[in-house]
Structures are given as C-alpha cells and as structure tokens.
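Q: In the numbering used here, the protein residues as written are 4 to 766.
Idealized CB from N, CA, C, for every residue including glycine.
Because the structure is a prediction, the values reported are computed rather than measured.
A single structure is presented below for examination.
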C-alpha cells in the first residue's frame with residue numbers, strides 16, 4: 004500500500020522520535036536504578052547493626068614460669084599491659100619482645116604480706132591488703148609521649164589512701180579480732196567528696212566486713228584534705244557475717260555476700276548505712292563470682308554450676324524505691340571453681356572466661372557478641388578502656404592481646420523490636436532514649452514506639468481529613484454550581500502548597516493553646532454541626548418549589564454556610580457551660596469541685612492531658628492531607644461518564660441516590676487511590692508532628708497525648724548522631740522501615756484499586 008507523500012514523516016521527525024524513545028527509556032531505567040541504589044545504600048548502613056564482634060590477634064607472649072600474676076590490666080590504648088603478682092610487684096610487658104619490666108612494689112612500704120588485691124577499672128585504682136591488716140589505694144596514671152614514629156605510654160602509680168584496719172578498729176572501740184587475721188577482699192570508690200573503702204577480714208571467728216567512710220574537704224582550689232568520717236561493720240538481717248563486699252561507683256549502694264549465698268543490699272546516705280534488701284539469686288547453687296557492671300546499677304552474678312544472671316536496681320511495683328530485681332539471664336558457662344571477668348568502660352559489655360571458653364557478652368540485650376576457646380584454661384581477662392582491645396592470660400602463662408572490633412554492641416533484633424528490661428524500669432518495655440547525661444547511660448533504641456507514633460499520628464490525621472475531603476469532593480463534583488466549582492477547586496489546590504512548617508507553627512503556637520481549655524466547645528461543635536446540617540436539609544426539602552427556585556441549583560450553600568457558622572459560634576460560646584455541667588471533678592489539691600476537662604479526663608481515664616497532643620496533630624496535618632484527597636477524589640468523580648448519571652436520573656433516582664449508588668461506586672478506585680496518597684503523605688509528615696506534639700516516644704492511643712514518629716525522629720536525632728555510629732545507623736534503619744511502610748501501603752492500594760476497577764468496570 005502506497006502512502007501519500009504528504010503523510011510520510013520527515014527524516015528529522017523520525018530521528019527525534021527515536022531519540023525521545025531512547026531518552027524516555029533511559030530516564031525510566033535510571034529512575035529504577037536510582038531507587039534500587041538508595042535501597043542498597045540504606046541496607047549497607049543498616050546491616051552492620053546486626054553483626055557480632057570481631058577480634059584479630061596482635062601479640063602473643065609467654066611469661067616466665069615463676070611469675071604468677073594475680074590480675075591483668077590493659078591501658079586505654081592496649082599498648083602497655085600490666086601484671087601484678089603474688090608479691091605485689093607490678094610489671095609491664097613489652098609488645099616487641101615480651102620482656103617484663105618491674106614498675107613498683109605495692110606492698111614495699113606496708114607491713115605484712117599481700118593477701119588481697121583488687122583492680123577498680125572505672126577509677127583506675129589498685130587496692131592492696133596485707134595480713135597485718137594494712138590497706139593502700141594506688142591511682143594509675145598514663146603519660147603519652149612520642150618515641151620516634153610511635154606513641155608510647157608510661158604508667159605512674161600514686162598512693163592516694165593508706166590505712167591500718169587494726170588501728171581504726173581500736174580507735175573506734177570495735178571488738179578486737181582474735182587469732183591470725185588477714186584481709187581477703189577490698190573495694191574503694193570515690194564519688195564527689197564521699198570516699199568509701201570496704202574491706203573483709205578473716206579471723207578465727209570467721210569473716211568480718213567493714214566500711215571505712217572518708218570525707219574530702221572542698222576549697223576554691225579544688226580537693227582538700229581527706230579525713231576519716233566513720234567506720235561501720237556490715238551484718239546481715241540475723242547478724243550474719245559478710246564474706247565479700249561490693250560498692251557501686253556512686254558510693255551509695257553496697258552489696259554484701261554471706262556464707263549461705265545470700266546477698267544483702269545496703270543504702271548509704273548522710274544518715275548512715277541502712278539494710279534495704281536481701282536476695283538469693285540461685286536455688287541450688289552458691290555464688291562464685293559477682294561484680295557491678297558499668298554505672299553501678301546492674302550486678303552480674305555467676306553460680307557454681309555456670310548459671311549467670313544480672314540483678315538490676317529497678318523501681319518496685321509501687322514505684323517508691325529502687326531494689327535489686329532479676330532482669331537478665333545468660334546461657335550457662337562451663338562449671339568451674341573460679342571465673343575470669345572484665346567489664347567494659349564504654350558500654351554494658353563484659354568479658355567472661357570459664358575454663359577454656361571465653362565470651363564477650365552485652366548485658367542490656369543478653370546478647371553474646373563473640374565466643375572463643377583457648378587450648379588451656381584461662382586465668383585472667385582484660386578489656387581496654389576504649390573497648391578496642393581484649394587480652395587474656397592462660398594457665399600456661401601465655402599472654403594474648405587481640406584487636407577488638409565491635410562498633411555496635413547495642414544492636415540486634417531484640418534491641419530494635421523486642422521488650423527489654425532496662426536499668427531503673429519496673430518491667431520490660433519498649434523505649435526510645437538515644438542519649439543520656441552520663442557516660443554510663445544505657446541507650447534505649449527500640450523502634451516500636453516510633454512505629455506506633457507514626458501509625459497513631461496517621462490515624463488521627465486520616466480521621467479528621469478523609470471525611471471532610473471526600474464529602475467536599477462529592478459535593479463539588481455532583482452538587483456545586485459549575486461557576487463556583489471553578490473557584491473552589493483551584494483554591495483547594497493552592498491550599499496544598501502551604502508549607503508544613505507553617506501548619507506546624509500555627510498548630511503549636513495558636514491552635515494548641517486555644518483548644519487546651521476549650522475541648523468541651525470542640526465537642527459541642529462536633530455534635531452541633533451534623534445535627535444542624537441534617538435539620539437544615541430536612542427543612543429545605545420541605546419548602547415549596549417556589550421558594551427553592553430563588554437560588555439556582557448548586558448555590559444552596561449560601562444559605563447553609565451562615566447557619567452552620569452560627570451553630571459553630573453558639574457551640575463555642577456554650578462550651579464553658581457544657582464543661583460546668585458535665586466535666587466537674589474534685590480538685591486533688593484544694594478538695595473543691597471544679598469544672599476542668601483536663602483534670603476530669605486524667606481522673607476518669609487515668610491518661611494524661613497535654614496541650615500539644617494528637618488532636619492538634621490530626622487537625623493541623625488534616626489541612627495538609629485534605630487538598631490531596633479532595634483533588635484526586637474530585638477528578639475521579641468528575642470522570643464518571645455523564646451517560647451513567649443521565650440513565651440513573653431517567654430511572655427516577657434522585658441526585659443524591661445517583662451520587663451515592665452510581666457515581667461513587669464507579670469512581671471508587673480513584674477515591675481509594677486518593678486516600679492512599681493522603682495516607683502516604685500523613686505517614687511521612689515531619690514538621691507538623693515535630694512542632695505540634697511533645698515529640699515524646701510514648702505508646703498509648705490517648706488522643707490528648709503526643710507521640711514521636713519515625714520521620715520526626717530522623718529530623719531531631721540525625722544532626723546529633725556520630726557518623727557511622729550506632730545511632731546514625733539506627734536512624735537509617737528507621738528510614739528503611741518508613742520506606743517499607745509506604746511501599747506496602749502503596750502496593751496494597753494498587754492491588755485494591757485494580758480489584759475495585761474490575762468489579763465496577765461493567766457500570
């Protein structure tokens with residue numbers, strides 16, 4: 004078939020067509036690749052959160068066989084390991100050739116032989132006690148200096164306390180100890196001007212534990228003279244002798260252990276020492292080892308059969324005082340007579356060894372970060388202060404130093420999506436609190452409150468916006484006069500351009516204070532508006548045709564709007580009277596009857612009433628979502644063929660029946676798509692939620708409380724998050740969840756839209 008020459012496209016048109024086809028195809032493929040690239044980037048930031056710890060062997064040396072270390076100490080940089088032997092000698096080991104160097108003898112100026120040794124890593128103190136009942140506390144300081152191309156460390160030891168227990172007992176009129184006596188255990192803690200030395204002494208009569216209280220005078224130039232402030236002996240409830248004593252780093256909690264395996268918790272304050280609690284951690288085992296973890300709020304205990312668990316200081320059921328409660332339980336260790344332990348000073352991790360097995364564990368999540376095995380039993384373990392090195396010494400006197408890489412010990416599925424019993428809490432909970440005021444703060448990184456807040460904010464926004472937007476779209480499409488429609492619809496579309504930060508600002512600083520004491524007025528408005536509208540419609544339908552023809556069809560709202568505005572005005576003014584009649588309560592402070600909705604709500608429901616709440620978010624966010632749902636819904640309703648409307652009206656149906664039973668079902672797919680687009684807008688909203696709520700990560704459906712959403716959390720936390728830190732990656736995980744939520748919503752919306760279209764395509 005010959006095509007006339009005038010209908011043949013020119014070569015330039017064909018070239019442009021081919022070029023545009025390839026350009027559009029390239030653009031589409033680039034968009035798909037960009038989306039997948041974003042997903043892969045987010046995944047690359049998130050995946051490390053779920054990995055374990057990795058270690059790399061740096062050095063391995065064998066010490067002299069005659070050298071018997073009692074403890075192992077790692078410096079901050081893992082460069083100068085220290086050992087203390089049974090004679091009180093402190094030696095360092097060179098990482099070049101493994102040679103040891105004597106640095107100091109801790110008991111050279113004390114009477115008697117070394118019988119007790121303890122290293123306190125939080126304050127970098129070494130405690131020594133002798134069989135002459137003398138004790139000394141040494142502070143270890145490190146100086147860094149340049150040695151050629153490398154930095155070197157030089158430890159120095161300063162004696163900060165020295166006491167004779169025998170002399171103190173005699174001066175404070177305590178009963179003299181009989182027979183051979185020696186110190187078996189020590190603890191020393193400084194907290195401000197308060198200093199505590201705890202010591203346990205064994206005599207022929209058994210064990211005796213004492214607390215030496217010291218006080219440091221303060222001056223404008225800093226710390227002053229340290230003076231003796233009292234001596235107390237620790238006893239159980241029935242006068243049991245305490246065999247071991249543990250003091251937390253705040254010097255306000257002391258835990259003692261007796262021979263029966265019972266722990267006693269003492270509280271220290273300005274009034275003295277008070278026994279607050281006793282507890283038995285094991286039914287059939289006796290404790291072999293115990294120590295406080297970082298922060299002094301969690302107490303790690305190991306039993307003789309390998310059971311190991313954590314007791315934490317948490318609020319009791321009444322929320323009145325903090326007592327020890329069992330909060331964590333780990334997998335069993337190998338049963339042995341002694342365990343090696345070292346706690347991290349950066350987080351809640353700790354290193355524990357039993358026989359040949361060694362494992363790095365994280366207290367908050369009960370997660371085992373790393374496990375290893377030695378060829379011979381392990382005697383001592385250590386963690387560097389920066390949580391970058393770990394070391395252990397085995398029974399063959401072989402020292403092993405490893406590089407530790409565990410950047411995200413807090414991570415894991417349970418951290419982000421499970422309930423965790425945090426320190427200080429009365430029960431396991433979902434909680435988000437990324438930062439705290441102290442170095443020993445326990446991060447709370449559960450994403451459940453943020454997901455809940457996102458769903459809560461979206462729900463209240465849709466409850467406010469969808470009915471208004473859909474009914475407005477239906478009225479505009481089916482009943483409004485065409486001339487007015489040309490004004491209303493562009494106005495609604497312009498409304499969609501309002502910046503969300505402006506809506507949030509108005510909601511937070513104008514609407515929230517306005518509605519804080521006028522909720523009864525708002526309730527009356529919600530009651531009056533539909534009743535007045537229905538009543539007005541009934542009256543209008545009963546009027547004679549002559550009167551109704553005064554206004555052209557589609558202009559009826561010129562009468563209804565003034566009436567509805569009058570109803571709103573009356574409801575607003577009657578609100579205080581409504582509050583006085585319905586919402587009266589007894590003021591808990593004065594005992595008088597008052598009319599206050601906020602107090603009434605708190606007393607009746609037990610839920611808080613906050614000025615910035617979900618109601619404000621629903622209203623403010625509704626103004627951002629209404630234009631989207633209105634515009635798309637109105638377009639869908641307007642696209643219904645006129646022939647369907649005409650056929651319905653010809654069959655005797657009213658305009659209302661035609662709209663509800665013909666137009667709406669036919670346009671249902673478009674209306675549903677509009678709703679899903681509005682839902683996606685509400686899910687991802689940031690500034691309105693950030694400004695119009697308290698931005699607190701709570702989990703309750705209370706309409707008069709706030710929430711924190713995933714998007715608002717990203718806006719608040721990301722500027723504060725250290726690059727590639729745990730919080731930084733958790734925020735990316737929150738972004739990934741937000742992306743998945745919108746993806747799932749849009750996928751479901753598309754499937755339902757196709758189903759609705761297939762169902763009503765025959766109309």
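Kindly confirm or deny that the stretch 497 to 511 and the stretch 687 to 695 touch, where touching means at least three C-beta pairs closer than 8 Å.
A: yes
Q: Just to confirm, is the Cβ distance from residue 559 to residue 575 under 9 Å?
A: no
Q: Between the beta-carbon of residue 200 and the beta-carbon of residue 217, is there less than 9 Å?
A: yes
Q: Hey, is the stretch 296 to 312 in contact with the stretch 406 to 422, meaning 3+ C-beta pairs nearer than 8 Å?
A: Taking a cut-off of 8 Å on C-beta distances, the stretch 296 to 312 does not touch the stretch 406 to 422, as fewer than three cross pairs fall below it.
Q: Measuring alpha carbon to alpha carbon, tell me which of 430, 339, 262 and 422 ends up nearest residue 325.
A: 430
Q: Looking at residue 147 and residue 157, is the spacing between their C-beta atoms short of 9 Å?
A: Taking 9 Å as the cut-off, the beta carbon of residue 157 is found closer than this to the beta carbon of residue 147.
Q: For residue 399, which option in 384, 380, 496 and 389 has the closest C-alpha, if you only look at C-alpha atoms?
A: 380
Q: Using beta-carbon positions only, say whether residue 483 and residue 662 come within less than 9 Å of one another.
A: In this structure, residue 662 does not lie closer than 9 Å to residue 483 by Cβ.
Q: Of the residues 485, 126 and 470, which one's Cα is nearest the Cα of residue 629?
A: 470
Q: By DSSP's criteria, residue 769 is part of a beta bridge. Which residues make up the other side?
A: Here the chain comprises residues numbered 4 to 766, so residue 769 is not present and cannot be evaluated.
Q: Quick check on residue 192: buried or exposed, where buried means 16 or more other Cβ atoms within 10 Å of its Cβ?
A: buried
Q: Could you tell me the boundaries of the alpha helix (DSSP H) in which residue 33 lies?
A: 14 to 49
Q: Would you call residue 249 buried or exposed, if buried means 16 or more other Cβ atoms sit within 10 Å of its Cβ?
A: buried
Q: Apart from the five residues just before and just after residue 447, which ones in its own chain have a Cβ nearer than 7 Å to its Cβ?
A: In the same chain as residue 447, and ignoring 5 residues on each side of it, the C-beta atoms closer than 7 Å to its own belong to 425, 434, 435 and 436, in chain order.
Q: Going by DSSP in three states, residue 3 sits in which element: helix, strand or coil?
A: This structure cannot settle anything about residue 3, because the visible part of the chain is limited to 4 through 766.
Q: Under 6 Å Cβ to Cβ from residue 451, same chain only, skipping five residues before and after it: list those, please.
A: 433
Q: Can you look up residue 344 in the DSSP assignment and give me helix, strand or coil?
A: strand
Q: Put residue 553 into one of helix, strand or coil per three-state DSSP.
A: coil
Q: Let me check understanding here. Comparing Cα to Cα, which of 79, 100, 70 and 101 lies closest to residue 87?
A: 70
Q: What does a CB cutoff of less than 7 Å around residue 672 pick up in its chain, not counting 5 residues either side in sequence?
A: 756, 759 and 760
Q: Closer than 8 Å by C-beta to residue 416: which residues in its own chain qualify, once you throw out the five before and the five after it? Chain order, please.
A: 53
Q: Which residues in the same chain as residue 73 place their Cβ atom closer than 7 Å to its Cβ, once the five residues preceding and following it in sequence are excluded?
A: 87, 88, 89 and 120
Q: I'd like the span of the beta strand (DSSP E) that includes residue 201, first residue to last.
A: 197 to 206
Q: Decide if residue 591 is buried, meaning its Cβ has at least 16 other Cβ atoms within 10 Å, or exposed.
A: exposed
Q: Relative to the alpha-carbon of residue 181, which residue among 210, 196 and 202 has its alpha-carbon at the smallest distance?
A: 210
Q: Can you list, in chain order, the residues of its chain with a C-beta nearer than 6 Å to that of residue 588? Leave out the 5 residues immediately preceding and following it.
A: 602, 603 and 606
Q: According to DSSP, which residues form a beta bridge with residue 281?
A: 267
Q: Nearest to residue 366 by CA position, among 392, 386, 285 and 333, is which residue?
A: Nearest option by C-alpha distance: 333.
Q: Does the stretch 256 to 265 come close enough to the stretch 289 to 308 to have 3 or more Cβ pairs within less than 8 Å?
A: Here the stretch 256 to 265 lies against the stretch 289 to 308, with 3 or more beta-carbon pairs under 8 Å apart.
Q: Decide if the stretch 669 to 686 is in contact with the stretch 451 to 466; the criterion is three or more beta carbon pairs, one per stretch, under 8 Å apart.
A: yes
Q: Could you give the residue range of the alpha helix (DSSP H) that holds residue 481?
A: Looking at the DSSP string, the run of the alpha helix (DSSP H) that includes residue 481 is 451 to 481.
Q: Count the other CB atoms within 10 Å of the CB of residue 680; is the residue buried (16 or more) or exposed (fewer)?
A: Residue environment: residue 680 is assigned as buried (16 or more neighbouring CB atoms within 10 Å of its CB, all protein chains considered).
Q: According to DSSP, simplified to helix, strand and coil, what is residue 192?
A: strand
Q: Tell me whether residue 448, by its Cβ, gets closer than 8 Å to a heavy atom of the ligand NAP.
A: As presented, the structure is devoid of all ligands, the ligand NAP included, so that no description of it is given.
Q: If I measure Cβ to Cβ from residue 563 and keep anything under 6 Å in the same chain, skipping five residues before and after, which residues do I get?
A: 539
Q: At what residue ranges does the stretch 580 to 659 contain a whole run of the alpha helix (DSSP H), taking only runs of 4 or more?
A: 600 to 608, 617 to 641 and 645 to 653
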